[in-house]
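K.L.:
Would you mind keeping the following structure in view while I ask a few things?
2 protein chains.
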Amino acid sequence: MGITIKDVAKLAKVSTMTVSRVVNNTGTIAVETRKRVLDAIDTLHYKPNTIARTLVAQKSRIISLIVPDIANPFFSELIKHAEAEAKRFGYNLFIGDAGWDITNEREFIDSSIGRMSDGVILVTPRLPDEELQALSAAIPLVVVDRSMAQTKVMDVYVDNYDGAFEATEFLIEAGHERIGYIRGWEDVLNTKRREQGYADALKKHGIPYRPELIQVGDYREQSGYNAFRYFIELSERPTAVFASNDMMAYGFISACIQNGVRIPYDISVMGFDDITLFFEHVPRLSTVSHPRIPMIRKAVDMLLGLPADEISKFDAELHTELVIRDSVSRLD
Amino acid sequence: MGITIKDVAKLAKVSTMTVSRVVNNTGTIAVETRKRVLDAIDTLHYKPNTIARTLVAQKSRIISLIVPDIANPFFSELIKHAEAEAKRFGYNLFIGDAGWDITNEREFIDSSIGRMSDGVILVTPRLPDEELQALSAAIPLVVVDRSMAQTKVMDVYVDNYDGAFEATEFLIEAGHERIGYIRGWEDVLNTKRREQGYADALKKHGIPYRPELIQVGDYREQSGYNAFRYFIELSERPTAVFASNDMMAYGFISACIQNGVRIPYDISVMGFDDITLFFEHVPRLSTVSHPRIPMIRKAVDMLLGLPADEISKFDAELHTELVIRDSVSRLD
DNA sequence: CTGTTAGCGCGTTCAC
DNA sequence: GTGAACGCGCTAACAG
Numbered sequence: 000m001g002i003t004i005k006d007v008a009k010l011a012k013v014s015t016m017t018v019s020r021v022v023n024n025t026g027t028i029a030v031e032t033r034k035r036v037l038d039a040i041d042t043l044h045y046k047p048n049t050i051a052r053t054l055v056a057q058k059s060r061i062i063s064l065i066v067p068d069i070a071n072p073f074f075s076e077l078i079k080h081a082e083a084e085a086k087r088f089g090y091n092l093f094i095g096d097a098g099w100d101i102t103n104e105r106e107f108i109d110s111s112i113g114r115m116s117d118g119v120i121l122v123t124p125r126l127p128d129e130e131l132q133a134l135s136a137a138i139p140l141v142v143v144d145r146s147m148a149q150t151k152v153m154d155v156y157v158d159n160y161d162g163a164f165e166a167t168e169f170l171i172e173a174g175h176e177r178i179g180y181i182r183g184w185e186d187v188l189n190t191k192r193r194e195q196g197y198a199d200a201l202k203k204h205g206i207p208y209r210p211e212l213i214q215v216g217d218y219r220e221q222s223g224y225n226a227f228r229y230f231i232e233l234s235e236r237p238t239a240v241f242a243s244n245d246m247m248a249y250g251f252i253s254a255c256i257q258n259g260v261r262i263p264y265d266i267s268v269m270g271f272d273d274i275t276l277f278f279e280h281v282p283r284l285s286t287v288s289h290p291r292i293p294m295i296r297k298a299v300d301m302l303l304g305l306p307a308d309e310i311s312k313f314d315a316e317l318h319t320e321l322v323i324r325d326s327v328s329r330l331d
Numbered sequence: 000m001g002i003t004i005k006d007v008a009k010l011a012k013v014s015t016m017t018v019s020r021v022v023n024n025t026g027t028i029a030v031e032t033r034k035r036v037l038d039a040i041d042t043l044h045y046k047p048n049t050i051a052r053t054l055v056a057q058k059s060r061i062i063s064l065i066v067p068d069i070a071n072p073f074f075s076e077l078i079k080h081a082e083a084e085a086k087r088f089g090y091n092l093f094i095g096d097a098g099w100d101i102t103n104e105r106e107f108i109d110s111s112i113g114r115m116s117d118g119v120i121l122v123t124p125r126l127p128d129e130e131l132q133a134l135s136a137a138i139p140l141v142v143v144d145r146s147m148a149q150t151k152v153m154d155v156y157v158d159n160y161d162g163a164f165e166a167t168e169f170l171i172e173a174g175h176e177r178i179g180y181i182r183g184w185e186d187v188l189n190t191k192r193r194e195q196g197y198a199d200a201l202k203k204h205g206i207p208y209r210p211e212l213i214q215v216g217d218y219r220e221q222s223g224y225n226a227f228r229y230f231i232e233l234s235e236r237p238t239a240v241f242a243s244n245d246m247m248a249y250g251f252i253s254a255c256i257q258n259g260v261r262i263p264y265d266i267s268v269m270g271f272d273d274i275t276l277f278f279e280h281v282p283r284l285s286t287v288s289h290p291r292i293p294m295i296r297k298a299v300d301m302l303l304g305l306p307a308d309e310i311s312k313f314d315a316e317l318h319t320e321l322v323i324r325d326s327v328s329r330l331d
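In order, the protein sequences belong to chains L and A.
For the first sequence, position 38 matches number 37 in numbering that gives the first Met the number 0, and the numbering has no gaps at all.
For the second sequence, position 280 matches number 279 in numbering that gives the first Met the number 0, and the numbering has no gaps at all.
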């Protein structure tokens, strides 16, 4: 059993209320009394019980952050920045790894409610709109990187359409026509938007959309790796492959290297996200950069109720941007 | 304000105690009453308040896990497995990223105490023995990947000496004599053990220990990258470099690739940890594999009070192992 | 089978 | 400046 406020009160020969006041710096206390209390706190190594405080205050100073996959650098980086932003306001993070699984998402939200989280940030959840809408009645919810426009749920959304369009157009302008595409989870909105961007860019340049050039992936490395086998066995191989996220692009590249297919000489690769690796990968991946840092900051700020005009400052930054490096060659 | 047990009791026309019994499946309840309560719970969407439960039970079913760097794959993988193991027992994880910083470690432990965590797992903390010892009086503590033999603190320790010795010896037997070494944080025990292994292997084979071949790093990629610059400008360059963790090895490799230094033809590289990348890196790194999965599992099990004989089953697995891949060449 | 009482550790309210 | 009483949401112990 831990030291409680009562123990301190007893030792300092005051009421618990006085101790509480000292700890929280509220009310007025005689200098001498304060010193006695402080001494008692010190000798007893008293630490206030946050659980009890939470129960009284109906506020935990915790926000939950649910990501689809903690081992994915895109998300672990997000966590770092979310933690930093939350800390600025004296908040702790309760982190959950949903593993791209709906049931886990649900359980984690329930758990957050039970633990009196002050809010939940969901990064690209797979839970349907209606359920998120319903849940948001029970606890403040911010959905990140997915539009909740049809609902009243708060969101921080970066439309990925333009990024995918520009990336595809870039490949086309480099002379590519047979452009393979690796898709992500179908039930994620941005997956659809990215694919639309890809398709529309083809259409704009009069290039037919060929279903056989589309591979279904799951945003994980392995599916990029697998896509390689498929594309390489096509009678007419693509000259370029656009992976709808960097993880799959890297998986694809690994397969290429292992099979002696050189990038960008034998095939070009374009990614999406611009994740920060912990070391430089060669060839350096051309990709679409995603404004994830301002995005997650904004999500935290929304939850902590920063004034709207302060939050909207970030808006200017929220767009994707083409990043040209070494993984795409010109077909001239 | 959320729905409480009182609301349910009122609606079901029973006492809160009865609701509590239904929720927890304790005591005996008339079938009919149970149904009324269940209905009320359903229509009200009642969720028990874990905070209040925690206060009563003096038990939160949460364990804290503090890692030095959440974005390092070694640790994010650890988190995944810790979470899985904890879940088996119905526990949630409270994850903290200390950023290799002592103050953060301290704050996070304090916060864990305040939040009534049932225990704390510290992965390679930098806090001194005495302080950890003291802290362990306030909350169950398990230190992972660091020996606490001098204290009464629980630990799950894998001595890294042998692994470093074998790795160095492997390089020597491949014909290398000028072997560079990149060290990690000096105040971490395993750092010392790894360096001892390196030094002893040299000694065994009559190769002088040269201080100019030692570079100080911090376990992060960047310091491996920086070490490259140092080694490459040496009048007598090393023919092989042993990085004391994979992150620094990868940093070093990146620098090599960017500077046209080929691995393993121009220089050999050996790592430590055998982290699982989310894609295949080329060249594939030769390294020392670290039994981190059984290690973290064991830590969780110790905290959750699994019987000693169950836990010790894991012991057999707890040793490092040489993993030979493509980053080391023979000098023949 | 069900309800009442008391208390987990703390802070708010209102006295003194 | 300080303290006593009450309640946050829940459950253990004891009635009935």
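The C-beta atom is built at its ideal place from N, Cα and C for all residues, glycine as well.
Ordered along the chain, which non-local residues of its own chain (more than five positions away) have a Cβ less than 6 Å from that of D186 of chain L?
P.N.:
R125
K.L.:
For M16 of chain A, name the three-state secondary structure that DSSP assigns.
P.N.:
Reduced to three states, the DSSP call for M16 of chain A is helix.
K.L.:
Rounding to the nearest angstrom, what Cα-Cα distance links E309 of chain A and R87 of chain A in this structure?
P.N.:
Their backbone Cα atoms lie some 15 Å apart in a straight line.
K.L.:
Distance, Cα to Cα, G98 of chain A vs E84 of chain L?
P.N.:
15 Å
K.L.:
Enumerate, from N- to C-terminal direction, the unbroken beta strand (DSSP E) stretches of 3 or more residues contained entirely within the region 58-100 of chain L.
P.N.:
61-66, 91-96
K.L.:
Please list the segments of the alpha helix (DSSP H) lying wholly inside the region 104-150 of chain L, counting only runs of 4 or more residues, in order along the chain.
P.N.:
With a minimum length of 4 residues, the continuous alpha helix (DSSP H) runs that stay inside the region 104-150 of chain L are 128-134.
K.L.:
If you pair each beta-carbon of the region 67-84 of chain A with each one of the region 45-54 of chain A, do three or more pairs fall below 8 Å?
P.N.:
no
K.L.:
Go ahead and pull the three-state DSSP assignment for A29 of chain L.
P.N.:
coil
K.L.:
Counting beta carbon pairs with one atom in the region 170-186 of chain L and one in the region 213-226 of chain L, are three or more of them shorter than 8 Å?
P.N.:
yes
K.L.:
Pull up the CB-CB distance for L302 of chain L and I120 of chain L, whole angstroms please, since I reckon it's below 8 Å.
P.N.:
6 Å
K.L.:
Kindly identify the DSSP beta-bridge partner or partners of V327 of chain A.
P.N.:
According to DSSP, which records beta bridges pairwise, V327 of chain A is partnered with nothing at all.
K.L.:
Identify every residue that forms a DSSP beta bridge with Q214 of chain A.
P.N.:
A:I181
K.L.:
Hey, which unbroken runs of the alpha helix (DSSP H) at 4 residues or more fall wholly within the region 248-308 of chain A?
P.N.:
The region 248-308 of chain A is shown to contain whole alpha helix (DSSP H) runs of 4 or more residues at 291-302, in chain order.
K.L.:
Identify whether D154 of chain L lies in helix, strand or coil by the three-state DSSP scheme.
P.N.:
strand
K.L.:
Would you give the residue range spanned by the alpha helix (DSSP H) that V55 of chain A belongs to?
P.N.:
49-56 is the span of the alpha helix (DSSP H), which, as asked, contains V55 of chain A.
K.L.:
L235 of chain A by DSSP, collapsed to three states: which one?
P.N.:
Just to set this straight, residue 235 of chain A is Glu in the shown sequence, not Leu. Note: E235 of chain A maps to coil in three-state DSSP.
K.L.:
Across which residues does DSSP place E320 of chain A in a beta bridge pair?
P.N.:
A:S288
K.L.:
Got a sec? Which residues, its chain only, sit under 6 Å from M147 of chain A by beta carbon, not counting five neighbours each side?
P.N.:
Residues D154 of the same chain have their beta carbon placed closer than 6 Å to that of M147 of chain A, with the five preceding and five following residues left out of the count.
K.L.:
Between P67 of chain L and chain A, is the shortest Cβ-Cβ distance under 8 Å, so that the two count as touching?
P.N.:
no
K.L.:
Are the beta-carbon atoms belonging to G196 of chain L and Y160 of chain L less than 8 Å from one another?
P.N.:
yes
K.L.:
For the structure I just gave you, are there three or more beta carbon pairs, one from the region 235-252 of chain A and one from the region 190-210 of chain A, closer than 8 Å?
P.N.:
yes
K.L.:
Taking the beta carbon of I108 of chain A as the centre, do at least 16 other beta carbons fall within 10 Å, making it buried, or is it exposed?
P.N.:
Buried is the call here.
K.L.:
In chain order, what residues of the same chain have a beta carbon less than 6 Å from the beta carbon of I206 of chain A, not counting five sequence neighbours either side?
P.N.:
E176
K.L.:
Count the other CB atoms, across all protein chains shown, that sit within 10 Å of the CB of G270 of chain A; report buried if there are 16 or more and exposed otherwise.
P.N.:
buried
K.L.:
Please compile the residues from chain A whose C-beta is within a distance smaller than 8 Å of the C-beta of H44 of chain L.
P.N.:
A137
K.L.:
Establish whether the CB of M115 of chain A and some CB of chain L are separated by less than 8 Å.
P.N.:
yes
K.L.:
Taking C-beta to C-beta, are I61 of chain L and S116 of chain L nearer than 8 Å?
P.N.:
yes
K.L.:
If you measure beta-carbon to beta-carbon, which residues of the region 283-299 of chain A are closer than 9 Å to chain L?
P.N.:
Only those residues of the region 283-299 of chain A whose C-beta falls short of 9 Å from the nearest C-beta of chain L would be listed, and there are none.
K.L.:
Run down chain A in chain order and give the residues with a C-beta less than 8 Å from the C-beta of K79 of chain L.
P.N.:
I69, A70, D96
K.L.:
If you measure between the beta carbons of I256 of chain A and V142 of chain L, is that distance less than 8 Å?
P.N.:
no
K.L.:
Inspect the beta-carbon positions of F365 of chain L and D199 of chain L and report whether they are closer than 8 Å.
P.N.:
Residue numbering for chain L in the displayed model covers 0 to 331; residue 365 of chain L lies beyond these limits and cannot be assessed.
K.L.:
Relative to the C-alpha of S59 of chain A, which residue among A:Y208, A:I274, A:I112, A:D300 is closest?
P.N.:
Among A:Y208, A:I274, A:I112, A:D300, the Cα nearest to that of S59 of chain A belongs to A:I112.
K.L.:
Taking only the alpha-carbon atoms, compute the straight-line gap between I28 of chain A and L10 of chain A and give it to the nearest angstrom.
P.N.:
17 Å
K.L.:
Assuming V7 of chain A and V18 of chain A make a contact with CB atoms under 8 Å, what is their CB distance in whole Å?
P.N.:
Taking C-beta atoms under 8 Å as the contact rule, V7 of chain A and V18 of chain A qualify, at a distance of about 5 Å.
K.L.:
Can you name the start and end residues of the alpha helix (DSSP H) that G196 of chain L belongs to?
P.N.:
G196 of chain L -> alpha helix (DSSP H) spans 188-203.
K.L.:
How about A239 of chain A and I262 of chain A: are their beta carbons less than 8 Å apart?
P.N.:
no
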